[in-house]
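Input: a single structure, listed below in structure tokens.
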Amino acid sequence: MRAFAYTRAGGVDEAIAALAASPGGMFLGGGTNLVDLMKLGVASPGLLVDIGRLPLTEVRETPDGGLRIGANVRNSDLAAHPAVRARYPALSQAVLAGASGQIRNTATTGGNLLQRTRCLYFQDVAKPCNKREPGSGCPAREGVHRDLAVLGHSAACVATHPSDMAVALAALDAVVHLRGPGGERTVPLCDFHRLPGDEPQRDTVIEPAELVVAVGLPAPPAGRSAYRKARDRASYAFALASVAAALDLRAGVVEEVRLAFGGLAHKPWRARVAEEALRGAPATEESYRRAAEAELAAAEPLRDNAFKVPLARNLAARVLGDLAAEAGKAEGATAP
Amino acid sequence: MEPPQTSSAVTLRVNGVRHRLRDLDHRTTVLDALREHLGLTGAKKGCDHAQCGACTVLVDGRRANSCLLLAVAYDGAEVTTVEGLADGDALHPLQEAFLVRDGFQCGYCTPGQLCSAVGMIAEAGGGAPSVVTPPGTAAAGAPVPLSPEEIRERMSGNLCRCGAYGNIVAAVEDVTR
Chain A
75 MRAFAYTRAG GVDEAIAALA ASPGGMFLGG GTNLVDLMKL GVASPGLLVD
125 IGRLPLTEVR ETPDGGLRIG ANVRNSDLAA HPAVRARYPA LSQAVLAGAS
175 GQIRNTATTG GNLLQRTRCL YFQDVAKPCN KREPGSGCPA REGVHRDLAV
225 LGHSAACVAT HPSDMAVALA ALDAVVHLRG PGGERTVPLC DFHRLPGDEP
275 QRDTVIEPAE LVVAVGLPAP PAGRSAYRKA RDRASYAFAL ASVAAALDLR
325 AGVVEEVRLA FGGLAHKPWR ARVAEEALRG APATEESYRR AAEAELAAAE
375 PLRDNAFKVP LARNLAARVL GDLAAEAGKA EGATAP
Chain B
27 MEPPQTSSAV TLRVNGVRHR LRDLDHRTTV LDALREHLGL TGAKKGCDHA
77 QCGACTVLVD GRRANSCLLL AVAYDGAEVT TVEGLADGDA LHPLQEAFLV
127 RDGFQCGYCT PGQLCSAVGM IAEAGGGAPS VVTPPGTAAA GAPVPLSPEE
177 IRERMSGNLC RCGAYGNIVA AVEDVTR
């Protein structure tokens, strides 16, 4: 690991100013990904500006019926928060589906969004990687890519975004509140992460010295929400495919639906084609499968990851089916 | 121009004792500070990438992978390692349970398993859900009962290459029943 200078910021603006003055520097939050990348030599900041003690630790109700989640809220605290558990179960479940208990105690909301891909080539400095070293090439395309993207990838990069939390946030229409040298701005979560295109080194639209200060959630969607994840072992593994969904039914017809996929692309994949196909459709297994298939028609699987397409379709159909069954049960329970 | 300062004074309170490390390289993790500077070799450096959990300690009461924590960022923190679990000669109930249940073979992962389990039991006792906690079962804040399924999920960040998992679950059950 390269030696580095360290400063602990006393405030948000102080942190931003410190980093703006030091182009080779990085913010340090929980560090669960950054410190690992520094050990691997993938990240080698000359300065760490520690934002870990900034008071961005509140989960606050907002006047529109939503929540504002401070960037330093730890993953475990977010998942356990009563309002998140009660009103945004997909978010609580997604956070709990990620990492381990130890890591969730340390990792932050802002840092979760900014974690880097776990593509083996990105993490190995002995290998070429366009994300780590633009122009060096992408061995993953012909190499080990079973875990990598089937949607939205480019010739330059087939990496996936590893976050579970962000997939739920995408389905829930979250926004990212940023503050930088030029002031504040708010970006919809679905536009925060990028597709790789020919600039895979840019995971997100964040600008130099810009800091994630909070994540905003609007009022929860009508109906129920849930998150489900398929992976190679039962716990503590990244998603092969995952689904965040919310479903609201009226008399057996889909009134409103939200669907997002994880593990399939360079960003959380909001499935708007599927959502459009489902609105007004009968709430049946057949509708769910067809809608997911419509979304996944755009998939371009690599040699070893075509299994992700039916996996994601089946996962989506199952989650939507389970949400519908739960809604049916609740209706039955309240009937006279 | 002066070269940037790449080391700092760091104070850690470990198992109730205050330690001041006067000139600690910023690259030093809490794990390396414990093992290399304070002589506390209970926490193990297994993978050094938070994948195995052998380095688990309690930081300000919560379990964490000490291999990923830069010591300089934890200046002033309260750290409990496996060396601090016992009360003098009286072992912590979990340590007793690991002995009774044979919750280990080689013992390398055990300090991490113990610290992780202590933290995990407190988390569940405080009502923190896990991904296998059925949604809507318990009121937020009510303790979550630790079934074997809950224990396995919550301890998934601690690997045991001897495969003592069954006995580790039994040991944790013994102290939470």
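Quick note, the sequences are listed as chains A and B, same order. If you read the first sequence in the numbering used here, its first letter stands for residue 75, the second for the next number, and so on. If you read the second sequence in the numbering used here, its first letter stands for residue 27, the second for the next number, and so on. We treat Cβ as the ideally placed atom computed from N, Cα and C, and that holds for glycine.
- DSSP, reduced to helix, strand and coil, places residue 180 (chain A) within a helical segment of the structure shown.
- As the crow flies, the alpha-carbon of residue 42 (chain B) is around 8 Å from that of residue 110 (chain B).
- For residue 99 (chain A), the enclosing beta strand (DSSP E) has its first and last residue at 99 to 102.
- Put simply, the CB of residue 163 (chain A) is near chain B, with a gap under 8 Å to one of its CB atoms.
- Restricted to the stretch 313 to 355 of chain A, the alpha helix (DSSP H) segments that are unbroken, complete and at least 4 residues in length are 346 to 352, listed in chain order.
- Put simply, of A:197, A:299 and A:353 the residue whose alpha carbon is nearest the alpha carbon of residue 243 (chain A) is A:299.
- By the rule that beta-carbons nearer than 8 Å mark a contact, residue 99 (chain B) touches chain A.
- In the three-state reduction of the DSSP assignment, residue 162 (chain A) falls in the coil class.
- Between residue 234 (chain A) and residue 338 (chain A), the beta carbon gap of about 7 Å places them in contact (Cβ cut-off 8 Å).
- For residue 91 (chain B), the enclosing beta strand (DSSP E) covers residues 88 to 91.
- Within chain B, the residues whose beta carbon sits less than 7 Å from that of residue 78 (chain A) are 32 and 52, listed in sequence order.
- For residue 114 (chain A), the enclosing alpha helix (DSSP H) covers residues 108 to 114.
- Using a Cβ distance threshold of 8 Å, residue 95 (chain B) and residue 56 (chain B) count as a contacting pair.
- Not a single C-beta of chain A is nearer than 8 Å to the C-beta of residue 173 (chain B).
- According to the DSSP assignment, residue 241 (chain A) belongs to the alpha helix (DSSP H) that extends over 239 to 245.
- For residue 172 (chain B), no alpha helix (DSSP H) run applies, since DSSP gives it neither H nor E.
- Among the residues of the stretch 290 to 324 of chain A, those with a Cβ less than 7 Å away from any Cβ of chain B are 309 and 310, in the order of the chain.
- The residue from A:236, A:76, A:77 and A:102 with its alpha-carbon nearest to that of residue 83 (chain A) is A:102.
- Boundaries of the alpha helix (DSSP H) around residue 362 (chain A): 359 to 370.
- Proximity of chain A to residue 179 (chain B) at the Cβ level (cut-off 8 Å) is accounted for by 308 and 309, in chain order.
- If you draw a 10 Å sphere on the C-beta of residue 122 (chain A), you find 16 or more other C-beta atoms in it, and that means buried.
- Within chain A, the residues whose beta carbon sits less than 8 Å from that of residue 89 (chain B) are 175, 176 and 179, listed in sequence order.
- Using a 10 angstroms sphere on the CB of residue 404 (chain A), the tally of other CB atoms stays under 16, which defines it as exposed.
- In the DSSP assignment, residue 150 (chain A) falls within the unbroken alpha helix (DSSP H) covering 149 to 154.
- Inside the stretch 237 to 302 of chain A, DSSP marks whole alpha helix (DSSP H) runs of 4 or more residues at positions 239 to 245 and 263 to 266, from first to last along the chain.
- No Cβ of chain A is located within less than 8 Å of the beta carbon of residue 169 (chain B).
- Against residue 74 (chain B), the close residues of chain A are 113, in the order they occur along the chain (beta-carbon pairs closer than 8 Å).
- Residue pairing by DSSP places residue 80 (chain A) opposite A:122 in a beta bridge.
- Here residue 188 (chain B) is exposed: its Cβ has fewer than 16 other Cβ atoms, across all protein chains shown, within 10 Å.
- Within chain A, no C-beta atom comes less than 9 Å from the C-beta of residue 160 (chain B); the nearest is roughly 11 Å away.
- Between residue 197 (chain A) and residue 142 (chain B) a beta carbon distance of about 25 Å is seen, past the 8 Å cut, so the two are scored as non-contacting.
- Residue 83 (chain B) counts as buried, since no fewer than 16 other beta carbons sit within 10 angstroms of its beta carbon.
- Among the residues of chain A, none has a CB under 7 Å from the CB of residue 42 (chain B); the nearest is roughly 21 Å distant.
- Nearest to residue 40 (chain B) by alpha-carbon distance, out of B:177, B:100, B:80 and B:174, is B:100.
- Around residue 200 (chain B), the same chain offers 123 as residues with beta carbons nearer than 6 Å, after the five sequence neighbours per side are excluded.
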